[in-house]
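Beneath this line is the structure, given in C-alpha cells, with notes to follow.
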Amino acid sequence: MLRCADPQLTAWLHAWIGQIEGKRGALDESMRHFLAARDLLIGSPNLVLSAFIGVGVCCVAALDGSLEEALSEAQTALLDAERSGQARTLIACIGNLGLITLQLGRFDEARKYIARGLEFSGHLPQVQISLLDTSAQLCLAEGDVEGAGELFARIDALASEPTRKTWNLVNISLTRARYLLRVGRPDEALRVADHGIAEVTPRSDRLMRAQFQSLRTQALIGAGRTDEASKALITALTLLDDAPLGVLADAERVRSKLLAELGQPAAAELGFQRTVRILRSVRDVPALREAEREHAAALQPTAAVETDPARDAASALRSSGTEMLTAAAHLFATASRPALLGEETLALLETLGVAHAARLVRRSPRGVPRTVQSIGAVADERAWKRSSVPAVPLRRDHDGALELEVIPHDTLEDHTSVVSLCRLARAAARLDAAAREERLRSSLWPIEEQLADTRGIFIAPAMHEVLDGARRMAPTDLPVLLLGETGTGKEVIAREIHRLSNCSSGPFVPFNCTAVSRDMLDSQLFGYRRGAFTGAQEDFPGVIRGADGGTLFLDEIGEMTAEIQPKLLRFLESGEIHPLGRTQPVATNVRVIAATNAPLNELLRAGRFREDLYYRLNVCRIIIPPLRERPEEIPALVQHFARVQTTELRRPVPALSDEVMEYFLLYDWPGNVRQLANEVRRAVSLSAPGETVTPDMLTPEILEARKTGAARAAGGHEVRLRLNQPLNHAIEQLERAMIAHALEASRGSFAAAARQLGVTRRGFLMKRRRLGIKRDGEDRWSPLDEPSAEIADEPPTS
327 MLRCADPQLT AWLHAWIGQI EGKRGALDES MRHFLAARDL LIGSPNLVLS AFIGVGVCCV
387 AALDGSLEEA LSEAQTALLD AERSGQARTL IACIGNLGLI TLQLGRFDEA RKYIARGLEF
447 SGHLPQVQIS LLDTSAQLCL AEGDVEGAGE LFARIDALAS EPTRKTWNLV NISLTRARYL
507 LRVGRPDEAL RVADHGIAEV TPRSDRLMRA QFQSLRTQAL IGAGRTDEAS KALITALTLL
567 DDAPLGVLAD AERVRSKLLA ELGQPAAAEL GFQRTVRILR SVRDVPALRE AEREHAAALQ
627 PTAAVETDPA RDAASALRSS GTEMLTAAAH LFATASRPAL LGEETLALLE TLGVAHAARL
687 VRRSPRGVPR TVQSIGAVAD ERAWKRSSVP AVPLRRDHDG ALELEVIPHD TLEDHTSVVS
747 LCRLARAAAR LDAAAREERL RSSLWPIEEQ LADTRGIFIA PAMHEVLDGA RRMAPTDLPV
807 LLLGETGTGK EVIAREIHRL SNCSSGPFVP FNCTAVSRDM LDSQLFGYRR GAFTGAQEDF
867 PGVIRGADGG TLFLDEIGEM TAEIQPKLLR FLESGEIHPL GRTQPVATNV RVIAATNAPL
927 NELLRAGRFR EDLYYRLNVC RIIIPPLRER PEEIPALVQH FARVQTTELR RPVPALSDEV
987 MEYFLLYDWP GNVRQLANEV RRAVSLSAPG ETVTPDMLTP EILEARKTGA ARAAGGHEVR
1047 LRLNQPLNHA IEQLERAMIA HALEASRGSF AAAARQLGVT RRGFLMKRRR LGIKRDGEDR
1107 WSPLDEPSAE IADEPPTS
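Using the numbering used here, you'd call the opening residue of the sequence shown number 327 and step up by one each time.
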C-alpha cells in the first residue's frame, strides 16, 4: 500500500493497524495511527473511511477516559456516516453516542440515541442486542431495576436462536451480572460470572477476565463466602497491569467492599475515596453513583460507637504497611493522567498529615502559576519558592507545566515522608513516560517509520535539553538565536519552534543569507518596488513579507553585510520594513529565528557584526551540540537515513554490518548530521538490493577514523582526544600537539621549547625526530638536530 502511494489505501492501512493496536491496549499508538489516517484524507476525502476513522478515534478516546473528546468525535463521525449512507457505521456511531452520553450522565440524550439506534437496527439483531444492553445500563444507573429486567427478557428472546450465540452476548453478561447483584440474586450472578470467565479465558482477553473476576468477587461477597471472595479478588488484581482507569476503579471499589465485610472500615474508607477520585477523573457517572451507593451501604455509622472516618483512615494508613503499599501503587497506576497523579499525591499527603501545605499548580509558558487544587493554606506566595522540597514536574508541554509543590512540617520524620512521597510521584511520572516510549518502539508500525526529513531524532540528554528549551521559547514572540556547527540541525529546531508557536498556522520561510550575492541581499529580504533599479520590472514583496503571520528563519546570519544589519535591526525593533523604491515603511508580523555557525564574539570584536543587533537577536539563545558530543543518536540516525534512501529507491532497507556501525561511531563527523546523512545515502545506494552494507562502501576518511583519532584544539591551551582509540596512538597525538604548540610559543627555539615541556634538549630533539616534526621553513633534517655526546643534558625547569 505504501509503495503504490495511494493516500486512501495508506489511510485504510493506518486505520486497521490503529484498530489492532487499540485491541492490544496500546491506546497511544492506536490514536497515532487513526490521526495519521485522517491526515492522509485531507487532500483525498472519503466519507466512508472518514466515518470509520471517527469511530476508531471515538473508541480510543473513550477507553482513555476522554469522554468529551469521544463525544465530539462520535458526533462528527455520525455526520460523515449519514452523508456516506453506510448503515453499519451509522448505527455504530449512534450506539457509541448512547454509551458516551450515558457515561457522562446525560441520560435523556442517551435514551434518544438508543431509541434512534433501535429504529435503524431492525434487520440486525446483534446490534439490537447491544443497544438493549446499553438501555439496561441506563435503567440501572437511574435505579429502574424492573425496567432492566424487562430489557434482559427482550435480549433473551433475540438471543434464543443458535445463530445468535456470538461474542456480543459475552459483553452483555457483564451488565446481566450487575443486574442480578442489584436484585439480590448473587448465586445467579456467580454463575453468569463463571460462564463469562470460561468464555474469555481462551481468547486471552485479560481486561475482560479482570472485570468478570471482580463481578465474581461481588457475587461471593453477596453470598457470604468471603474467603472465596478474597481468592477471586487476588486473581482479579493480578490482571490489572496497564488496565484502563475505569477497570482499575471497579476493582478498587470491590476491594473496598470486601474490606468492609472483613471488618476493616478504615482501609475500606481509603479505598472508596480512591475509587471516587478515579471515577470523577474519567467522568463515569453511572460507575460513580454505584460506588457512592455501595460506600454508603458498606460503611454505615453505628449509634453505639462514634468514629471519625478521616482520623481512622489516617491511623490505618500509618499503621498498615499493606495500605501504604496500596496507596503507593496507585500513584504509579494513575500516572497516565498527571492531574489525577497529583490529586492522589495530595490526598496521601493530607491523610498522612505530614505537610503544612501542598498544591497542584499549572504554570503558563511565561511561568505564571494557577492553583488547581490545594491542601492547607499559605498566605505568602513567596513561601512556595522557599520550600526545602523541590517542585515535582508531572507534565510539561507547549501549554505550560503541571507541578506539585509541598511545604512540609519542620520535623525530621514529616520532612522525610514528604521527600519520599515526592520521589515516588516523580518516579511514577517518569516511568509512565518511559512506558509510553517503550510501547511506541514495540508497536506494529514503529514511530520511526513516519519520521520526515524536517523532524528530528532526539535521544541524547543534551538534545532533550535543547528541545526542552525550544519548547519553552516557542509560545513567546521573542527572537531566537541558534548557535552550532554546520549540519547540527539548526533548521530542525527552528521548525520545531515554529510548530509549537502561536504562529504555527502561518508560513515557515527559511532563508540562507549566503544563498544570494551581497548586493542582492537587501532586495531579497526587504523587497522592492517596480522601477526601483534596473531590471525591477514588477513589485517584489521580499522574503520578510512572504513570512508575514509566520516565522522567518535566517540562516548564516553572521555573513550578513554591514549595510543590511541596521535595516534588520529596525525591523526587529519596530516590525516595519522599508522596501527599495517605497517612500513609506510597511508593517509586518513576523517571528524571527536566526542561526549561525560563525563565532559572533569574534565578529563583534572585528567590527563585522553590530553589537546592538547581536543583543537584539540574542534574547533567547540555544546552543546545539555537535554530533560527536551525542554519539548515542548515531545508530537511530543511520537507520532513519537508510530508510529514507531505500524508500526513494523503492527497495528494502539493507542490513548494516556491526563493523560499519563501529566506523560511524568512531568517526568525528565534522559535517555533523548532514555529513552522516550523505554518507548513509551513499553507502545504501552502492549496495545491491538485499546486500549488507560493508566497510568497503564507506569513504576513505571514515575508514581512517578506526585507526586513530587526532588531537583537536579545544580553545586556549587545551586539546581533545578520542578515548575509543589505541593508547599508543593517543600518546603520539598528544605529544605531537604539545611539541607543535611549544615550538610555536618559543618561536622555533629548541631550548625554550624543551624547557616549556619540562624535558631535556636531547629528549626533545629525539621526540621531534621520531614524530617527524620540522620547524617552519625546514624541508629536511639539519645535522644540528642530531643529539651528540658533547651536548650536556639540561635540567628541566618548572
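Glycine included, every Cβ here is placed at the ideal spot set by N, Cα and C.
- Here the alpha carbon of SER843 sits roughly 19 Å from the alpha carbon of VAL835.
- Counting only runs that start and end inside the stretch 688-764, the alpha helix (DSSP H) elements of at least 4 residues fall at 708-711.
- Distance check between ASP881 and each of ARG954, LEU807 and GLY907 places LEU807 closest, using alpha-carbon atoms only.
- Taking the Cα of LEU366 as reference, the smallest distance to any Cα among ALA352, ALA387, LEU393 and GLN334 is reached at GLN334.
- Runs of the alpha helix (DSSP H) lying entirely within the stretch 358-446, each at least 4 residues long, are 373-389, 393-410, 413-429 and 433-446 in chain order.
- Residue range 834-838 is occupied by the beta strand (DSSP E) that includes ASN838.
- Bridge pairing for CYS829: absent [DSSP].
- With a threshold of 16 other beta carbon atoms within 10 Å, ARG976 falls short and is exposed.
- A contact is defined here as three or more CB-CB pairs under 8 Å, and the stretch 563-580 meets this definition with respect to the stretch 593-605.
- In this structure the stretch 781-795 does not touch the stretch 743-759; the number of beta carbon pairs closer than 8 Å is below three.
- Assignment of beta-bridge partners to CYS465 by DSSP yields no partner.
- Within its own chain, the residues whose Cβ lies closer than 6 Å to the Cβ of LEU466, once the five positions on either side in sequence are excluded, are ALA474, listed in chain order.
- Fewer than three Cβ pairs drawn from the stretch 938-950 and the stretch 962-975 lie within less than 8 Å of each other, which leaves the two stretches out of contact.
- Going by C-alpha positions, ASN998 is about 26 Å away from GLU1017.
- In this structure, CYS419 sits near ALA400, with a CB-CB distance shorter than 7 Å.
- For the pair VAL1006 and ALA968, the Cα-to-Cα distance works out to about 6 Å.
- Separation of the CB atoms of LEU686 and GLY702 is rounded to 13 Å, and the pair is thereby denied contact status at 8 Å.
- Straight-line measurement puts the Cα of LEU730 at about 10 Å from the Cα of THR697.
- Within 10 angstroms of the beta-carbon of LYS583 lie 16 or more other beta-carbons, which makes it buried.
- In the DSSP assignment, THR677 falls within the unbroken alpha helix (DSSP H) covering 664-678.
- Selection ALA654, THR737, GLU707 and ALA665 evaluated against ALA681 yields THR737 as nearest (Cα-Cα).
- Considered as a whole, the stretch 532-565 harbours 532-548 and 552-563 as its complete alpha helix (DSSP H) runs of no fewer than 4 residues, in chain order.
- When DSSP states are grouped into helix, strand and coil, THR887 belongs to the coil group.
- By the beta-carbon neighbour count (other beta carbons within 10 angstroms, threshold 16), ARG350 is exposed.
- With a threshold of 16 other beta carbon atoms within 10 Å, LYS816 meets it and is buried.
- Distance from ASP938 to LEU878 at the Cβ level is roughly 19 Å; contact not present, criterion being Cβ atoms closer than 8 Å.
- If you look at VAL806, you'll find it in the beta strand (DSSP E) that goes 806-809.
- Annotated as distal: ALA1078 and LEU1069, with beta-carbon spacing of 7 Å or more.
- When DSSP states are grouped into helix, strand and coil, THR909 belongs to the coil group.
- For ARG1088, the enclosing alpha helix (DSSP H) stretches over residues 1087-1097.
- The three-state secondary structure of PHE866, taken from DSSP, is strand.
- Nearest C-alpha to LEU625 among GLY597, ILE919 and ASP610: GLY597.
- DSSP, read as helix, strand or coil, puts ALA920 in strand.
- Contact holds between the stretch 863-878 and the stretch 900-915, because three or more Cβ pairs, one in each stretch, are under 8 Å apart.
- Three or more beta-carbon pairs separated by less than 8 Å are not found between the stretch 796-805 and the stretch 981-997, which leaves the two stretches without contact.
- Looking at the DSSP output, ALA684 sits in a beta bridge with ILE701 and VAL732.
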